[in-house]
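In the numbering used here, the protein residues as written are -17 to 137.
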């Protein structure tokens, strides 16, 4: 059985133009991400995939289309794609990880967009952090169906 990563990696490989994989250590976790459209400046858009996904999930059309007009960043969440694992995968540890990821990139403010679990993490991140740091006029786009008790929820 092929994983989501296998299918999406093949889709990304078919994209005409794609940014190179980048890696950064965040809280001791080797983290893969892609960044595109940096030349546009402004508040970057952090795009967060869903459960068992990767940053390849956004190819071949979605991320390149966004990068035509704005600075976009997509990562492999810990335990997914080519990123390492956290000791514990909970909503809280993912949110703290995303905050540390942006800090490691030197980003103080970002718009958030997520799909499924990534949408839930985006909403949780904005709710727990300074709203001025993680939202702007374009706000948050989330496709999560529901938010559950993040105090005790394991992912």
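C-beta atoms are modelled at their ideal positions from N, C-alpha and C, and glycine is treated no differently. Keep in mind that this is a model prediction, so the values were computed, not measured.
Discussion item. What does the alpha-carbon distance come out to for the pair residue -16 and residue 69?
Written reply: For this step, residue -16 is matched to residue 2 along the chain shown. For this step, residue 69 is matched to residue 87 along the chain shown. Confidence at residue -16 is low in this model, with a pLDDT of 48, below 50, so its placement is unreliable and the value that follows should be read with caution. Residue -16 and residue 69 have their C-alpha atoms roughly 25 Å apart.
Practice prompt. Could you spell out where the beta strand (DSSP E) holding residue 9 opens and where it closes?
Written response: In the chain shown, counting from the first residue as 1, residue 9 sits at position 27. Unbroken run through residue 9: none, as it is neither H nor E.
Practice prompt. State the Cα-Cα distance for the pair residue 50 and residue 59, rounded to the nearest angstrom.
Written response: The residue you call residue 50 lines up with position 68 of the chain shown. The residue you call residue 59 lines up with position 77 of the chain shown. Note on geometry: alpha-carbon atoms of residue 50 and residue 59 lie some 24 Å from one another.
Worksheet item: residue 18 and residue 1 look like a contact to me (Cβ under 8 Å); what is the Cβ gap, rounded to whole Å?
Response: The count along the chain shown starts at 1 and reaches residue 18 at position 36. The count along the chain shown starts at 1 and reaches residue 1 at position 19. Between residue 1 and residue 18 the Cβ distance is about 4 Å, and since that is below 8 Å, they are a contact.
Worksheet item: For residue 89, which three-state DSSP category applies?
Response: For the purposes of this step, residue 89 is identified with residue 107 of the chain shown, where counting begins at 1. Looking at residue 89 - three-state DSSP - the assignment turns out to be coil, as it is neither helix nor strand.
Worksheet entry | residue 101, DSSP secondary structure in three states | Start at 1 with the first residue of the chain shown, and residue 101 comes out as number 119. Taken through DSSP and simplified to helix, strand or coil, residue 101 comes out as helix.
Worksheet item: In terms of residue numbering, what span does the beta strand (DSSP E) encompassing residue 27 cover?
Response: Counted from its first residue, the chain shown places residue 27 at position 45. Annotation for residue 27: the continuous beta strand (DSSP E) segment containing it runs 27 to 30.
Worksheet item: Which residues in the same chain as residue 8 place their Cβ atom closer than 7 Å to its Cβ, once the five residues preceding and following it in sequence are excluded?
Response: Position 26 of the chain shown, counted from the start, is the residue given in the question as residue 8. If we look at residue 8 and ignore the five residues flanking it on each side, its Cβ neighbours are 79, 82, 83, 86.
Worksheet entry | The beta strand (DSSP E) enclosing residue 68, as first and last residue numbers | For the purposes of this step, residue 68 is taken as residue 86 along the chain shown, with counting starting at 1. No beta strand (DSSP E) holds residue 68; DSSP gives it neither H nor E.
Item to complete: Would you kindly work out how many angstroms separate the C-alpha atoms of residue 21 and residue 27, rounded to a whole number?
Response: Within the chain shown, numbered from 1, the residue matching residue 21 stands at position 39. Within the chain shown, numbered from 1, the residue matching residue 27 stands at position 45. Distance between the alpha carbons of residue 21 and residue 27 is about 13 Å.
Practice prompt. Return the CA-CA distance between residue 53 and residue 23, expressed in angstroms with no decimal places.
Written response: Walking along the chain shown from the start, residue 53 turns up at place 71. Walking along the chain shown from the start, residue 23 turns up at place 41. Distance from the CA of residue 53 to the CA of residue 23, rounded to the nearest whole angstrom, comes to 6 Å.
Practice prompt. Can you have a look at residue 109 and say buried or exposed, based on whether 16 or more other CB atoms are within 10 angstroms of its CB?
Written response: For the purposes of this step, residue 109 is taken as residue 127 along the chain shown, with counting starting at 1. Taking all protein chains shown into account, residue 109 has fewer than 16 neighbouring C-beta atoms within 10 Å of its C-beta and is therefore exposed.
Discussion item. So, at 6 Å on beta carbons, what are the nonlocal neighbours of residue 67 in its own chain, with the 5 sequence-adjacent residues on each side left out?
Written reply: Counted from its first residue, the chain shown places residue 67 at position 85. Answer for residue 67: 60, 61, listed in chain order.
Item to complete: Compute the distance between the beta-carbons of residue 63 and residue 37, then report whether it is under 8 Å.
Response: The residue you call residue 63 lines up with position 81 of the chain shown. The residue you call residue 37 lines up with position 55 of the chain shown. Contact: yes.
Practice prompt. Using beta-carbon positions only, say whether residue 40 and residue 29 come within less than 8 Å of one another.
Written response: The sequence position of residue 40 within the chain shown is 58, counting from 1. The sequence position of residue 29 within the chain shown is 47, counting from 1. For residue 40 and residue 29, yes; Cβs fall inside 8 Å.
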